[in-house]
Amino acid sequence: MDKRSITIVSVSIIIILLFVFAIKPKNSAVNNSIDNTGTSVSKVQVFMFHTTQRCPTCIRIGQLSKATVEERFRDQLKSGKIEFREINVDLPENKVLVEKFQAGGSALFINSIKGGRDNILEDTMVWQLASGDDAKFKDYLENKLNNILGI
1 MDKRSITIVS
11 VSIIIILLFV
21 FAIKPKNSAV
31 NNSIDNTGTS
41 VSKVQVFMFH
51 TTQRCPTCIR
61 IGQLSKATVE
71 ERFRDQLKSG
81 KIEFREINVD
91 LPENKVLVEK
101 FQAGGSALFI
111 NSIKGGRDNI
121 LEDTMVWQLA
131 SGDDAKFKDY
141 LENKLNNILG
151 I
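Counting in UniProt numbering, the sequence shown runs from 1 upward without gaps.
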């Protein structure tokens, strides 16, 4: 092999390794998939994290999420099976939850607790649905929560 071929192969290997390490998931407390196997869910937390200064979309996601839980999961909310909260990430009293959920700003998180273990999922689809029809947003979130609850 000549010097040019060795250089090309070396550069190619470096690029491949950089790509592999760039896409490797980081160790994280946030689980991006819901585990619906085995043990049933003991509780579902629907938490809307936000900053003190909120944009209209963030406010809308909070309102629609709260309305969905209150209207469509009344019994589960009353029994404590589902919990909804809006949490300001800027307030010191919320520091523990912000760190647990790794929330850095406005985000909707769903935590399905099974066997005492958290299964935390950030739901990014709500941002796409927030500017549309209220019913589509509520149907989406209802279906997601029904799936988690096994309903």
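Even for Gly, the Cβ is constructed at its ideal location relative to N, Cα and C.
To the nearest angstrom, report how far apart residue i and residue j are at their CA atoms.
i      : j      : result
Arg60  : Ser5   : 57 Å
Phe101 : Leu108 : 10 Å
Lys3   : Val96  : 56 Å
Ser40  : Thr7   : 56 Å
Asn94  : Ala103 : 11 Å
Glu122 : Ile110 : 6 Å
Asp139 : Gly150 : 16 Å
Asp75  : Lys81  : 8 Å
Gln128 : Leu77  : 26 Å
Gly132 : Ser79  : 31 Å
Give me the DSSP bridge partner(s) of residue i.
i      : result
Ala107 : Phe49
Glu93  : Beta-bridge pairing links Glu93 to no other residue.
Ile82  : Val44
Arg4   : None; Arg4 has no bridge partner.
Lys114 : Val41, Arg117
Give me the Cβ distance between residue i and residue j, rounded to the nearest whole Å; I'm assuming they're in contact under 8 Å.
i     : j      : result
Ser65 : Phe84  : 7 Å
Phe49 : Leu145 : Actually they do not touch by this definition, with Cβ atoms about 18 Å apart.
Thr51 : Val89  : 6 Å
Phe47 : Ile87  : 6 Å
Over what stretch of residues does the alpha helix (DSSP H) that includes residue i continue unbroken?
i      : result
Ile59  : 56-72
Asp134 : 134-149
Taking its Cβ as the centre, do 16 or more other Cβ atoms sit within 10 Å of residue i, making it buried, or is it exposed?
i           : result
Lys26       : Residue placement at Lys26 is poorly supported in this model, since its pLDDT is 37, which falls under 50; the coordinates still yield a value, given next. Result: exposed.
Ser112      : buried
Val69       : buried
Met125      : exposed
Leu141      : buried
Ile148      : buried
Gly135      : Contrary to the premise, residue 135 reads as Ala rather than Gly in this sequence. Classification of Ala135: exposed, given that the 10 Å Cβ count is below 16.
Asn119      : buried
Leu91       : exposed
Lys114      : buried
Gly116      : exposed
residue 153 : With the chain represented from 1 up to 151, any question about residue 153 goes unanswered, as that position is not in the structure.
Cys55       : exposed
Is the CB of residue i under 7 Å away from at least one CB in chain C?
i      : result
Asn119 : Structure shown: chain C not included; a single protein chain is present.
With respect to the beta strand (DSSP E) encompassing residue i, which residues constitute its N-terminal and C-terminal limits?
i      : result
Asp118 : 117-123
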